[in-house]
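Here the structure comes first, spelled out in structure tokens, and everything after it is commentary.
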Amino acid sequence: MFEPQLASEKSSSNMEPFPQSTSMHMNFEDSQAVLEDYADVVLYERGQLNPDE
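The sequence shown: position 25 = 25 (full-length UniProt numbering), numbered continuously.
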């Protein structure tokens, strides 16, 4: 899932599944973390930025 409004101002503010089409430009990868960002790291874990305690 990704937030399309972070990739384009005119996009929806609702979470959407990652596009399956390879023809679509993946500009959302420039503005938010994707799975590949965590592929080779040891010190980071995927999770909420501000979790409820």
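Glycine is no exception: its CB is placed at the ideal position from the N, C-alpha and C atoms.
Outcome for residue i when other beta-carbon atoms lying within 10 angstroms are tallied against a minimum of 16
i, result
"residue 23", "Unreliable placement is indicated for residue 23, whose pLDDT of 49 sits below 50; no coordinate value is reported for it."
Residue i beta carbon near the ligand PLP (any heavy atom closer than 8 Å)
i, result
"residue 2", "The ligand PLP is absent from the structure shown, which contains no ligands of any kind."
Between the CA atoms of residue j and residue i - distance to the nearest angstrom
i, j, result
"residue 17", "residue 44", "23 Å"
"residue 48", "residue 33", "12 Å"
"residue 35", "residue 1", "10 Å"
"residue 39", "residue 10", "30 Å"
Pair within 9 Å by beta-carbon distance, residue i and residue j
i, j, result
"residue 13", "residue 29", "no"
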